[in-house]
Amino acid sequence: MLDEPYRSTPIFDEVTLPKALRRDHRTKAGTWGLIRVLRGTLKLTILEPASEILVTPGAPAVILPEQTHFVEPVGPMEMQVDFFDHLPRLGG
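Taking full-length UniProt numbering, the leading residue of the sequence shown gets 1, the next gets one more, and so forth.
Below, the structure is given as structure tokens:
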């Protein structure tokens, strides 16, 4: 069972994904972000430590507090970000 977020973004697609999410940004102190892709693929780039992750419907990604990152759609996709005040439990 997934944890319940305290806030979630709207569902974005490759057209409606805000420019602010496509350039460097970070979560606040004490805030974890859980990126969930509902359809398609999203490329997540984390600047420190440097990494690139392909986020898919079966593989969400966690953003740590104050971790600078940006996302890019890889073709048609739908995604949403859930925000937590603790490290979210992803299941099981």
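Positions of the beta carbon are idealized from the N, C-alpha and C atoms, including for glycine.
- CA-to-CA, the gap between L42 and F84 works out to about 21 Å.
- The alpha helix (DSSP H) runs lying completely inside the UniProt domain "TehB/YeaR-like" (7-81) and spanning 4 residues or more are 19-22, given in chain order.
- T31 and I63 have their alpha carbons spaced roughly 9 Å apart.
- Within 10 angstroms of the beta-carbon of P10 lie fewer than 16 other beta-carbons, which makes it exposed.
- In terms of CA proximity to I46, D24 leads the group D24, F12, R39 and L17.
- Closest in C-alpha terms to R22, from the list P76, V71 and S51, comes V71.
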